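Protein chains in written order, with the numbering used here: chain A, 1 to 187; chain B, 1001 to 1211.
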């Protein structure tokens, strides 16, 4: 897989844009998934995932081919997601209707400590509920949980993606897990 | 959970991470047998993980690749050229110099289509032919452009003919004869001459050229 990707990267470095399309093809679903789980919104996930690929393309000459490409790519994406989550809070008018949704305003998008009423939680599908609870996690726990349990990556790789020591990654996973357990206890 | 040893929570975390030694695992499992609180905690955590993992794997929209490629910057080709220039400034300068020089010289070559020759006393001109008459001796170099040369007398010096012919005859030439009729040779000749001219600044040379 890595040799295959490196061959594509060599072509991209020579200016072959089509070789990059093959790289996008290979990683699109995983990258989109990470962004979607982090952001909890399909349009934003698509936007950020595309942005991540774009940045990877522009900076491809800085990628060290001895390392794993997916790690580098996921790192770009998680950083963009975390930036977006942090920016999102003060930036938006909460009453503004969200583009492409019916009747949803930013109150429904802002996924933080405001809990939804119990009966609304009960009406949610399990999948929906899990996503909602993930998006209520603080962003640093969220990234670790998504990489560990949705992408199912080894701890060492998560530590490289998040640029954190292994111990810190473990702590974040443990705390994120514990927070989710409490949030999901009535399921 | 009050009665549980402090380290059980760590054991549980290690166990759930799949990163536990066999002896610790033994210890942890024994504790679970005897402690309903920890057992409950463990089951809830396992359930949580199962829920998170069951979050169905979603796929990117079908036009994702196409849209992403549409967002990439287009000026890749130009960027490549720019990078090359930045990496090889000397080569780039030399290449630019060569292009400008040859352009200038080529236009010179095309402009110089009219007949001309080095002005010397005693030369006779017939149409497009320069003649060194019989019995005459000319001292100095001779250049003829766009015309022919016929030597019937004596010429003490080099001959250069551009776009013309040296017509063999009974005359005597003591120097070298050079005929140039191709653009490339003209180019080479001009460059060579440039050096000669530079050298000529130091020793005075009397010959003039009329155009």
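Note that beta-carbon positions come from the ideal geometry of N, C-alpha and C, so glycine has one too. For clarity, every value in this text was computed on a predicted model and none was experimentally measured.
Would a check of beta-carbon distances place residue i closer than 8 Å to chain B?
{"i": "residue 69 of chain A", "result": "no"}
{"i": "residue 36 of chain A", "result": "yes"}
{"i": "residue 131 of chain A", "result": "yes"}
{"i": "residue 5 of chain A", "result": "no"}
{"i": "residue 11 of chain A", "result": "no"}
{"i": "residue 150 of chain A", "result": "yes"}
{"i": "residue 46 of chain A", "result": "yes"}
{"i": "residue 159 of chain A", "result": "no"}
{"i": "residue 43 of chain A", "result": "no"}
{"i": "residue 185 of chain A", "result": "yes"}
{"i": "residue 82 of chain A", "result": "no"}
{"i": "residue 123 of chain A", "result": "no"}
{"i": "residue 140 of chain A", "result": "no"}
{"i": "residue 53 of chain A", "result": "yes"}
{"i": "residue 134 of chain A", "result": "yes"}
So which of the options has the shortest CA-CA distance to residue i?
{"i": "residue 137 of chain A", "options": "A:163, A:184, A:165", "result": "A:184"}
{"i": "residue 1120 of chain B", "options": "B:1141, B:1114, B:1107, B:1102", "result": "B:1141"}
{"i": "residue 1176 of chain B", "options": "B:1161, B:1017, B:1106", "result": "B:1161"}
{"i": "residue 55 of chain A", "options": "B:1117, B:1071, B:1114, B:1198", "result": "B:1071"}
{"i": "residue 1014 of chain B", "options": "A:171, A:125, A:66", "result": "A:171"}
{"i": "residue 68 of chain A", "options": "A:9, A:139, A:128", "result": "A:9"}
{"i": "residue 23 of chain A", "options": "A:52, A:43, A:34, A:45", "result": "A:52"}
{"i": "residue 153 of chain A", "options": "A:173, A:59, A:86", "result": "A:173"}
{"i": "residue 169 of chain A", "options": "A:176, A:159, A:35, A:73", "result": "A:159"}
{"i": "residue 131 of chain A", "options": "B:1048, B:1133, B:1199, B:1144", "result": "B:1048"}
{"i": "residue 58 of chain A", "options": "A:47, A:46, A:73, A:66", "result": "A:73"}
{"i": "residue 161 of chain A", "options": "A:149, A:79, A:62", "result": "A:79"}
{"i": "residue 1016 of chain B", "options": "B:1033, B:1043, B:1034", "result": "B:1043"}
Which stretch, first to last residue, makes up the beta strand (DSSP E) that contains residue i?
{"i": "residue 134 of chain A", "result": "No beta strand (DSSP E) contains residue 134 of chain A, which is instead part of the alpha helix (DSSP H) from 126-136."}
{"i": "residue 1156 of chain B", "result": "1154-1156"}
{"i": "residue 142 of chain A", "result": "Note, residue 142 of chain A: premise wrong, no beta strand (DSSP E); alpha helix (DSSP H) at 139-145."}
{"i": "residue 1145 of chain B", "result": "1142-1145"}
{"i": "residue 1176 of chain B", "result": "No beta strand (DSSP E) holds residue 1176 of chain B; DSSP gives it neither H nor E."}
{"i": "residue 1161 of chain B", "result": "1159-1162"}
{"i": "residue 1137 of chain B", "result": "1137-1139"}
Specify, as a first and last residue, the run of the alpha helix (DSSP H) that residue i falls within.
{"i": "residue 34 of chain A", "result": "17-39"}
{"i": "residue 8 of chain A", "result": "2-13"}
{"i": "residue 55 of chain A", "result": "42-58"}
{"i": "residue 1039 of chain B", "result": "1036-1054"}
{"i": "residue 1148 of chain B", "result": "Unbroken run through residue 1148 of chain B is the beta strand (DSSP E), 1148-1151; no alpha helix (DSSP H)."}
{"i": "residue 120 of chain A", "result": "118-123"}
{"i": "residue 1068 of chain B", "result": "1064-1071"}
{"i": "residue 1009 of chain B", "result": "1008-1017"}
So is residue i in contact with chain A if we call contact Cβ pairs under 8 Å?
{"i": "residue 1179 of chain B", "result": "no"}
{"i": "residue 1045 of chain B", "result": "yes"}
{"i": "residue 1089 of chain B", "result": "no"}
{"i": "residue 1065 of chain B", "result": "yes"}
{"i": "residue 1056 of chain B", "result": "yes"}
{"i": "residue 1039 of chain B", "result": "no"}
{"i": "residue 1005 of chain B", "result": "no"}
{"i": "residue 1028 of chain B", "result": "no"}
{"i": "residue 1061 of chain B", "result": "yes"}
{"i": "residue 1017 of chain B", "result": "yes"}
{"i": "residue 1052 of chain B", "result": "yes"}
{"i": "residue 1073 of chain B", "result": "yes"}
{"i": "residue 1160 of chain B", "result": "no"}
{"i": "residue 1049 of chain B", "result": "yes"}
{"i": "residue 1068 of chain B", "result": "yes"}
{"i": "residue 1024 of chain B", "result": "no"}
{"i": "residue 1013 of chain B", "result": "yes"}
Can you find the residues in the same chain that come closer than 8 Å, C-beta to C-beta, to residue i, ignoring five residues on each side of it along the sequence?
{"i": "residue 1031 of chain B", "result": "1004, 1005, 1008, 1011, 1038"}
{"i": "residue 102 of chain A", "result": "Note on residue 102 of chain A: pLDDT 49, under 50, position unreliable in the model; no value is reported."}
{"i": "residue 1165 of chain B", "result": "1148, 1149, 1179"}
{"i": "residue 134 of chain A", "result": "37, 40, 142, 145, 146, 180"}
{"i": "residue 14 of chain A", "result": "none"}
{"i": "residue 2 of chain A", "result": "68, 69"}
{"i": "residue 1130 of chain B", "result": "1117, 1123, 1124, 1142, 1144, 1147, 1148, 1149, 1150"}
{"i": "residue 163 of chain A", "result": "75"}
I'd like the list of long-range same chain contacts for residue i, defined as Cβ closer than 6 Å, with 5 residues on each side in sequence excluded.
{"i": "residue 11 of chain A", "result": "19"}
{"i": "residue 1092 of chain B", "result": "1085"}
{"i": "residue 1136 of chain B", "result": "1122, 1153"}
{"i": "residue 139 of chain A", "result": "82, 85"}
{"i": "residue 5 of chain A", "result": "69"}
{"i": "residue 1155 of chain B", "result": "1132, 1138, 1173"}
Closer than 7 Å by C-beta to residue i: which residues in its own chain qualify, once you throw out the five before and the five after it? Chain order, please.
{"i": "residue 1187 of chain B", "result": "1102, 1105"}
{"i": "residue 1050 of chain B", "result": "none"}
{"i": "residue 91 of chain A", "result": "With a pLDDT of 48 at residue 91 of chain A, under the threshold of 50, the modelled position of that residue is not reliable, and no figure is offered here."}
{"i": "residue 124 of chain A", "result": "132"}
At what residue ranges does the stretch 1093-1130 of chain B contain a whole run of the beta strand (DSSP E), taking only runs of 3 or more? 1124-1126
Where are the alpha helix (DSSP H) runs, 4 residues long or more, that stay fully inside the stretch 151-179 of chain A, in chain order? 155-162
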